[in-house]
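My numbering runs 19 ahead of the 1-based position in the sequence shown. Take a look at the structure set out below.
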Amino acid sequence: MIHQLSVTLPPELAYDDAAFREQALRSLHLPTDSTAVVRKRRQSVDARGRQIRVHVDADVFVGEQPPALLQYKKPQVDVSRAPQAIIVGAGPAGMFAALRLIELGIKPIILERGSDVRARRRDLAAINKDHIVNPESNYCFGEGGAGTYSDGKLYTRSTKRGDVRRILEIFVAHGATDEILVDAHPHIGTNKLPQVVADMRASILEAGGEVRFNTKVIDLILEKKEIRGVITSAGPDAQPEEVAGIGVILATGHSARDIFHLLHDRNVTIEAKPFAMGVRIEHQQSLIDQFQYHRPDRGDYLPAASYSLVTQTRFNGVERGVFSFCMCPGGFIVPAATSPGELVVNGMSPSRRDSKYANSGLVVAITDNDLRPYADEGPLAGLALQQELERWACRAGGGTDTLSSQTAPAQRVADFVDGRISDTLLPTSYQPGLASVDMYDVLPDHIAQPLRQGLRDFGKKMRGYLSNDGQLIGIESRTSSPVRIPRHRDTCEHVEVQRLFPCGEGAGYAGGIVSAAMDGERCADELAKLYKAGGRGL
Ligand code: FAD
C-alpha cells in the first residue's frame with residue numbers, strides 16, 4: 020500500500036533523514052520501527068513567514084517494495100560499427116546528445132577543443148594563480164563545457180522543452196546525489212561535477228562512441244547547402260583532418276567566437292539575438308541569510324540562502340530590465356575569460372555551499388540601439404561589443420598588451436551608486452585579486468546607469484544590499500549567446516544547411532545546463548529521425 024504524504028515541517032525535521040522518517044510514520048499512525056519505506060518526492064523551503072518551514076511531499080510504501088528510483092538505464096548497446104554522427108563540443112548539450120544517439124543506435128563522435136576534466140584543472144589553476152588564459156582549455160572550454168566547473172544549479176524554466184526529470188536521472192545514474200530528484204532547486208556543485216562528467220564520458224566510450232579531446236573544429240565540409248562533415252585541428256603541429264558523419268550537431272557554446280565567425284564567413288546564416296551584460300555582486304553569505312531567513316544565522320539545517328531580483332529602469336528614454344543572474348550562494352567568483360587580454364567573471368559553488376560569500380550576476384538588457392556603433396559587424400555586432408568591454412575590463416584591472424592580467428576591476432556598491440572610487444575593497448572569493456576602479460570607466464553608460472538605478476531599487480527590497488558591505492566585480496558579459504544560429508522549429512535542422520543541427524546555448528536554444536542537455540537530446544532525436552527516414556540522400 021502506498022500513502023501519499025504532504026507535510027510542512029521545521030528544517031530540523033525535514034532535512035534530517037531519521038527525524039523525517041519518524042515524523043512521516045507518526046503522521047500515518049505507524050510504529051516508528053515499521054519496515055515501511057519512506058521516499059521523498061519533492062521538498063522546498065518556504066521562507067516567507069517569520070517561521071521558516073519546509074514543504075515535503077513523500078510516498079510511504081507499507082508492505083510493498085517501492086519502484087526503482089530511476090526510470091533511466093545506461094545504454095547497454097554497442098554502436099562502434101553503427102553509422103557515425105559528429106557532435107562538436109562536449110558541453111551538456113553535446114554529452115547528452117551523444118548518450119541519446121547511442122540509445123537510438125547511432126555512433127557519436129564528440130570533437131572537443133579543450134582537455135578532459137582532469138587536465139583542465141591545471142589550466143584553471145594557471146588562470147587563478149598566474150593569470151594565464153589558455154584559449155582552448157579554461158572555465159568555458161574543455162570536457163563538460165561551461166557546465167563542469169560551474170555552479171551546477173539544475174533548475175530551469177524551460178520545462179516545456181523536454182523531460183527535466185529524465186535529465187536529472189541521467190545525472191544521478193552517473194553519480195550525482197539523488198537529492199537532485201527531490202529538491203525544488205537542485206544543485207550538484209563544482210566539486211562533484213567533474214566526476215559526473217567523467218562517468219558520462221565512460222558510458223559513451225563503453226557503448227562504442229568516441230570522444231576526441233584537444234581537437235578543434237576549424238572548418239565545415241559543405242557541399243552546396245548540405246554538411247558532410249568537419250575539418251579538425253589537433254594543434255599547430257598536427258595536420259588538419261577530415262571527419263565525415265551522417266549529421267553534425269553543433270553544440271559549441273556561447274563563447275566559441277571563432278565558430279560564429281566561421282559560420283558567417285562560410286555564408287551560413289546566423290542572426291543577432293538579445294542578451295545582457297553587467298557585473299557580479301558579492302556580499303557576505305551571512306547578510307543574505309539574515310535577510311532571507313529573518314534570523315541572526317541560518318543554523319545547521321537550512322541551505323545557504325539565495326535571491327532573485329528584477330526591476331525595470333529607464334535611461335535616455337529607453338526602458339531596460341536589470342536583473343540578478345545565476346546567483347551562487349556560498350560560492351566563489353571565477354575568471355571565465357576564453358582569450359588572453361580579456362576579462363570575464365562568473366560564479367560557482369561547491370555542493371555544500373559553505374563559502375562565506377554570496378555572489379550573483381547583476382545584468383542589464385542590451386538593446387539594438389547599443390549595437391549601432393558595431394553595425395558593420397552585422398549579426399556579430401553583439402559579439403563585438405562584448406569583446407570590447409571584456410578588453411576594457413582587463414585593462415582596467417591592470418592588463419596591458421604585454422602583461423596578462425586577470426585582476427578584476429571592482430567598486431563597493433554604495434560607492435558605485437554615489438559615484439566615488441572606493442578607498443579600500445573588501446576581502447573577496449575572486450582568487451586573481453581586485454583593483455579599485457571607477458566602474459563608470461569600465462561600463463558604458465547604457466549599462467552603468469541602469470545598474471545604478473537597479474541597485475537603488477534592490478536596496479529598498481533587501482536591507483543591506485545597497486551598502487559598502489558589498490562590492491561590484493566586473494565584468495559579467497557571457498550571460499547568454501549574443502548570436503542565434505537559426506534552425507527549423509520542428510526538425511532542428513539549420514534553416515539552409517541540411518544535416519546541420521545548431522544546438523544548445525551557443526546556438527541560442529538553451530540557457531543553462533538542463534536546458535542545454537534537453538536541447539542536445541532533442542537534436543539527437545531529430546538527427547536520428549532524419550537518418551532513419553533515409554532523408555537527404557542518406
Ligand atoms: P558549453 O557548455 O559552452 O559547451 C560547449 C563546448 O564546445 C565547450 O566544451 C567548448 O570547448 C566546445 N567547443 C567550442 N568551440 C569548439 C570547436 N571549434 N571545436 C570543438 N569544440 C569546441 N548553468 C546552469 O544551469 N547552472 C549553473 O549553476 C551554472 N553556473 C555556471 C557557472 C560558470 C562559471 C559558467 C561559465 C557557466 C555556468 N552555467 C550554469 C552555464 C552553463 O554552464 C551553460 O549554460 C551550459 O554549459 C551550456 O551548455 P552547451 O553544451 O550549450 O555549451
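Note that the Cβ used here is the ideal one computed from N, Cα and C, for glycine as well. Source: prediction; values computed, not measured.
Beta-ladder partner(s) of residue i, from DSSP
i: V236; result: T251
i: E338; result: R333
i: N365; result: V353
i: P446; result: DSSP, once it has assigned bridges, lists no residue as partnering P446.
i: L172; result: Residue identity differs from the one stated: residue 172 is Lys in this sequence, not Leu. Note: K172 sits in a beta bridge opposite H206.
i: I492; result: R299, A429
i: I21; result: F80
i: A291; result: V502
i: T27; result: H74
i: I246; result: L241
i: E229; result: I128
i: C347; result: N378
Extent of the continuous alpha helix (DSSP H) run through residue i
i: I146; result: 136-149
i: L88; result: No alpha helix (DSSP H) contains L88, which DSSP labels as neither H nor E.
i: K59; result: Here K59 belongs to no alpha helix (DSSP H); instead the beta strand (DSSP E) covers 56-65.
i: A33; result: 30-33
i: Q258; result: Unbroken run through Q258: none, as it is neither H nor E.
i: I121; result: 111-122
i: A552; result: No alpha helix (DSSP H) contains A552, which DSSP labels as neither H nor E.
i: Y158; result: Taken as a continuous stretch (DSSP letters only), Y158 belongs to no alpha helix (DSSP H), as it is neither H nor E.
i: Q42; result: 36-46
Start and end residues, beta strand (DSSP E) containing residue i
i: L519; result: 519-521
i: L215; result: Checking the sequence shown, residue 215 turns out to be Val, not Leu. V215 -> not in any beta strand (DSSP E); alpha helix (DSSP H) instead, spanning 212-225.
i: R372; result: Here R372 belongs to no beta strand (DSSP E), and DSSP marks it neither H nor E.
i: K126; result: 126-130
i: I268; result: 267-269
i: A195; result: Segment: none, A195 is in no beta strand (DSSP E) and carries neither H nor E.
i: Q103; result: 103-107
Outcome for residue i when other beta-carbon atoms lying within 10 angstroms are tallied against a minimum of 16
i: H48; result: exposed
i: V287; result: buried
i: S379; result: buried
i: R439; result: exposed
i: G556; result: Here the model assigns G556 a pLDDT of 46, short of 50, so the residue's position is not dependable and the matter cannot be decided.
i: K59; result: buried
i: M537; result: buried
i: E409; result: buried
i: L470; result: buried
i: V262; result: buried
i: K126; result: buried
i: R424; result: Residue identity check: residue 424 is Ser in the sequence provided, not Arg. Result: buried.
i: M346; result: buried
i: Q472; result: buried
i: R508; result: exposed
i: L28; result: buried
i: M20; result: exposed
i: L224; result: exposed
i: A400; result: buried
i: Q95; result: exposed
i: S565; result: Here the chain comprises residues numbered 20 to 557, so residue 565 is not present and cannot be evaluated.
i: D434; result: buried
i: S156; result: buried
i: G416; result: buried
CA-to-CA distance, residue j to residue i, given in whole angstroms
i: L474; j: I307; result: 15 Å
i: L390; j: H193; result: 43 Å
i: V249; j: A165; result: 22 Å
i: Q450; j: D170; result: 16 Å
i: Y528; j: V107; result: 16 Å
i: V363; j: I494; result: 5 Å
i: A253; j: S305; result: 47 Å
i: T386; j: L44; result: 56 Å
i: P293; j: S496; result: 13 Å
i: E260; j: T167; result: 28 Å
i: H283; j: E512; result: 17 Å
i: E540; j: A116; result: 5 Å
i: A112; j: S358; result: 23 Å
i: A412; j: L173; result: 30 Å
Short CB-CB distance (under 8 Å) between residue i and chain D
i: F342; result: Going by chain labels, chain D is absent from the structure shown, which holds only one protein chain.
Any non-hydrogen atom of ligand 2 within 7 Å of residue i CB
i: L130; result: Ligands present in the displayed structure are limited to ligand 1, and ligand 2 is not among them.
Counting only runs that start and end within the region 427-475, where is the beta strand (DSSP E) found for 3 or more residues in a row?
-> Runs found: 427-431, 453-455.
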